[in-house]
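Working notes, structure below.
There are 2 protein chains.
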Amino acid sequence: MKIGILGTGIVGNTIGTKLIQLGYDVKMGSRSATNEKAAAWVKANGQKASQGTFADAASFGEIIFLCTKGDATLDIVRQAGAENFSGKAVIDISNPLDFSKGMPPSLFISNTNSLAEETQKLIPDAHIVKTLNIVNCEVMVDATKCGGEATMFVCGNNADAKSVVRTILAQFGWKDIIDLGDITNARGTEMMLPVWVRTWAALQNAYFAFKIVRKFD
Amino acid sequence: MKIGILGTGIVGNTIGTKLIQLGYDVKMGSRSATNEKAAAWVKANGQKASQGTFADAASFGEIIFLCTKGDATLDIVRQAGAENFSGKAVIDISNPLDFSKGMPPSLFISNTNSLAEETQKLIPDAHIVKTLNIVNCEVMVDATKCGGEATMFVCGNNADAKSVVRTILAQFGWKDIIDLGDITNARGTEMMLPVWVRTWAALQNAYFAFKIVRKFD
Chain A
0 MKIGILGTGI VGNTIGTKLI QLGYDVKMGS RSATNEKAAA WVKANGQKAS
50 QGTFADAASF GEIIFLCTKG DATLDIVRQA GAENFSGKAV IDISNPLDFS
100 KGMPPSLFIS NTNSLAEETQ KLIPDAHIVK TLNIVNCEVM VDATKCGGEA
150 TMFVCGNNAD AKSVVRTILA QFGWKDIIDL GDITNARGTE MMLPVWVRTW
200 AALQNAYFAF KIVRKFD
Chain B
0 MKIGILGTGI VGNTIGTKLI QLGYDVKMGS RSATNEKAAA WVKANGQKAS
50 QGTFADAASF GEIIFLCTKG DATLDIVRQA GAENFSGKAV IDISNPLDFS
100 KGMPPSLFIS NTNSLAEETQ KLIPDAHIVK TLNIVNCEVM VDATKCGGEA
150 TMFVCGNNAD AKSVVRTILA QFGWKDIIDL GDITNARGTE MMLPVWVRTW
200 AALQNAYFAF KIVRKFD
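Chains as they are written, first to last, in numbering that gives the first Met the number 0: chain A, 0 to 216; chain B, 0 to 216.
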């Protein structure tokens, strides 16, 4: 299966590498078709890895990962072309972090709206699934790296897309997945970032995740 | 030790009853000194239980629990009299939930501020510790009710007050306590409420809590 990744940062790199290891064909998209970071990633990941523009990667992927910085997400999705997302599962990992006022970051969209909802509005024919945004990228692709069994949330408007995403999450080692419902639930999971950042600072350790401990399943 | 509780709702009632069981003297405060709900609680809890106005309860307590609805917290703290909080550990459980726009609730303060910080500004000589606000009240007083070992966050500006609060949390069954730092960290824990509400709706079960699963302690 073909997967497009938008973003050449540490998140896109880590997700892309894991997907190659799992046997997927992966195209990493960036502003230019010859981006150096994407080229280095392709070189390191062999024949199933390729690169292109954001539009190339979105067009290529049967599934698309948004691994963009939150403040660039909407612009990049526009650049990639709405038509290239239609009918596809789009896994949104980006967070609306605002570093402009210093550390710790605040959120530039929150509470009564979410970045995932704004992205969904831009590409209404896409099936956005918000997930993985509440852990470090190394934990995203190997859930055991947090040292135990944690919980991953998914939300989105399309059940089939969530099912596809659950399969990939399982390949990443996530066993306890809670479906919160439609895409508006991204408000809740994006608003976990402030406590994530503060917990990271308190523990001085990014290898953690949230487990929903519960009495009845 | 004497504890004052502000609020006669389910949270104040549950916390107060547990504290009586633990051997504390507890005065429940409300708008009137003869509030019927407080009177019923006193009747059910014996000689170590008493009632009074908000000011009576705050004055009585060596430690004070704010078990108020979020939108009433600041008004009630004003009514109770700033001088009655001075130098005391004040455990803030209240959340800035805004139900005015329907369900699920949003927050009326968040992101770059928190209800705990606004309360701290009203009573600058008090030592506010934000904690317990991220679980159902039955889980607050008996951490095992979530069915496993979960994590409780504390934050506040005064280390001695946090130490006092940790002792009470331990009596409530909390074994894994993470100190996030100063009171501004309440932004993070108050912003967990949206995902709490959505998880509650998804699980149809309030007996859950958040565990920070981590590799290194």
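The C-beta atom is built at its ideal place from N, Cα and C for all residues, glycine as well.
Please read these numbers as outputs of a predicted model, since none were measured by experiment.
Item	Value
Going along the region 144-177 of chain A in order, which residues come within less than 9 Å of chain B, judged by CB to CB distance?	Lys144, Cys145, Gly146, Gly147, Glu148, Ala149, Thr150, Phe152, Cys154, Ile177
Closest by CA to B/Trp195, which one among B/Arg77, B/Asp55, B/Asn94?	B/Asn94
At a CB-CB cut-off below 7 Å, which residues of chain A make contact with B/Thr228?	Coverage of chain B is limited to positions 0 through 216, which leaves residue 228 of chain B absent and any answer about it impossible.
Under the three-state reduction of DSSP, which class applies to B/Asp235: helix, strand or coil?	Because residue 235 of chain B is not part of the residues shown, which for chain B are 0 to 216, the question remains open.
By the DSSP assignment, the alpha helix (DSSP H) with A/Leu192 in it spans what residues?	192-202
State yes or no: is the beta carbon of B/Gly180 nearer than 8 Å to at least one beta carbon in chain A?	yes
If you draw a straight line from the C-alpha of B/Thr217 to the C-alpha of B/Trp173, how long is it?	Residue 217 of chain B lies beyond the residue range present for chain B, which begins at 0 and ends at 216; the question has no answer from this structure.
Which value, in whole angstroms, describes the spacing of the CA atoms of B/Lys17 and B/Ala38?	17 Å
Suppose you measure from the CA of B/Ala160 to the CA of B/Pro193; what does that come to, to the nearest Å?	28 Å
Run through chain A and tell me which residues come within less than 9 Å of B/Met139, C-beta to C-beta.	In chain order: nothing, as chain A lies at least about 14 Å away.
State the DSSP-derived secondary structure class of B/Ala48, mapped to helix, strand or coil.	strand
Would you say B/Asn135 faces chain A, with C-beta separation under 8 Å as the test?	no
For the putative contact between A/Cys66 and A/Gly11, defined by C-beta atoms under 8 Å, what is the C-beta separation to the nearest angstrom?	4 Å
I need the straight-line Cα distance from A/Pro104 to A/Phe98, nearest angstrom please.	5 Å
Taking only runs that begin and end inside the region 107-166 of chain A, name each unbroken beta strand (DSSP E) of 3 or more residues, in chain order.	126-129, 150-155
Shortest alpha-carbon distance to A/Gln50 belongs to which of A/Gly60, A/Glu61, A/Ala32?	A/Ala32
Kindly indicate the opening and closing residues of the alpha helix (DSSP H) around B/Arg181.	A quick correction: the sequence has Asp, not Arg, at residue 181 of chain B. Looking at the DSSP string, B/Asp181 is not in any alpha helix (DSSP H), and its letter there is neither H nor E.
Among residues of its own chain, excluding the 5 on either side of B/Ala208, which ones have a beta-carbon nearer than 6 Å to its beta-carbon?	Val134, Val138, Cys145, Ala149
I'd like to know whether the C-beta of A/Ala201 is nearer than 8 Å to at least one C-beta of chain B.	yes
On the CB-based measure, 16 or more other CB atoms within 10 Å of its CB, does B/Ser109 come out buried or exposed?	buried
I need the straight-line Cα distance from B/Ala81 to B/Asn156, nearest angstrom please.	17 Å
Is the beta carbon of A/Ala79 sitting closer than 8 Å to the one on A/Val163?	no
Output yes if chain B places a C-beta closer than 8 Å to the C-beta of A/Lys129; else output no.	no
Please confirm whether A/Leu114 and A/Cys154 have their CB atoms less than 8 Å apart.	no
Which residues of chain A have a Cβ atom closer than 7 Å to the Cβ of B/Asn184, listed in chain order?	Arg197
The alpha helix (DSSP H) that contains B/Leu75, what's its start and end?	Per the sequence shown, residue 75 of chain B should be read as Ile rather than Leu. 69-79 is the span of the alpha helix (DSSP H), which, as asked, contains B/Ile75.
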